[in-house]
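Read in order, the letters of the sequence shown are residues 10 to 163 in the working numbering. Let me begin by presenting the structure, written as structure tokens, before commenting on it.
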Amino acid sequence: MKFLLRMIVLVLLLAVAGLAVGAYYTVTPPPDLYLSKGEFAGCPKRPSCVSSMAKDDLHKVAALGYTGDMGINYVIMHEVVERLGGEIQQEQSGYIHAVFVVKRFGFPLRDDLEVLMLANGRVDVRSASRFAYDDAGSNRARVEQLRRAFEAMP
Numbered sequence: 010m011k012f013l014l015r016m017i018v019l020v021l022l023l024a025v026a027g028l029a030v031g032a033y034y035t036v037t038p039p040p041d042l043y044l045s046k047g048e049f050a051g052c053p054k055r056p057s058c059v060s061s062m063a064k065d066d067l068h069k070v071a072a073l074g075y076t077g078d079m080g081i082n083y084v085i086m087h088e089v090v091e092r093l094g095g096e097i098q099q100e101q102s103g104y105i106h107a108v109f110v111v112k113r114f115g116f117p118l119r120d121d122l123e124v125l126m127l128a129n130g131r132v133d134v135r136s137a138s139r140f141a142y143d144d145a146g147s148n149r150a151r152v153e154q155l156r157r158a159f160e161a162m163p
């Protein structure tokens, strides 16, 4: 009986520790954002990340594009990100970092979206879940939704 009780306590402690680690990673911004590294981080091996800079099919998404003035397009992109539900955390000269809070299995999780507008008309994007291993394609869907909304703007 004591053994069974000890096992139950151990399992409960491991579950609480797992939840604490998950909560920490969910609320803590990643350390490898573009503004701190000067380049997009690569996607981890898990499928919950997409990037226009990725080389492999699992993580690769096409870059966006624009014509005309970069400044005007940046303002449009800023508006589109907010309309899609992103909370802009950082921005600087053509760069936007926004956080999207999504519910998965009843828990609020955070995804980071990075957008970098280049003067040549290319817009690089990276969208990644902070904690989820598999996001059921939500980061890829977010980038495609961003693409459609941005292209639809006047």
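Where is the CB? At the ideal position from N, CA and C, for every residue including glycine.
Should residue i and residue j be called a contact, given that it needs their Cβ atoms to be closer than 8 Å?
i	j	result
F140	M86	no
Y152	Y75	According to the sequence shown, residue 152 is Val rather than Tyr. Not closer than 8 Å, so no.
E123	F49	yes
C52	S61	no
For residue i, collect the residues of the same chain with a Cβ closer than 7 Å to its Cβ; drop the 5 residues on either side in sequence, then sort them by chain order.
i	result
M79	G103, M126 and A128
For residue i, which three-state DSSP category applies?
i	result
M16	helix
E96	strand
M126	strand
V90	helix
Y43	helix
R119	strand
S136	strand
Among the residues of its own chain, which have a CB less than 8 Å from the CB of residue i, if the five just before and after it don't count?
i	result
D143	R55, P56 and S57
So, under 8 Å CB-CB, residue i and residue j are touching, yes? Tell me the CB distance rounded to an integer number of Å.
i	j	result
P106	L155	Checking the sequence, you will find His at residue 106 rather than Pro. The pair is not a contact, with the Cβ atoms about 14 Å apart (cut-off 8 Å).
V84	E96	In fact, because the Cβ distance is near 17 Å, the residues do not count as touching under 8 Å.
S147	V90	Actually they do not touch by this definition, with Cβ atoms about 16 Å apart.
Could you name the residues of the same chain whose beta carbon sits closer than 6 Å to that of residue i, not counting the 5 residues immediately before and after it, in chain order?
i	result
D138	The sequence shown places Ser at residue 138, not Asp. Correct list, in chain order: S57, D120 and D144.
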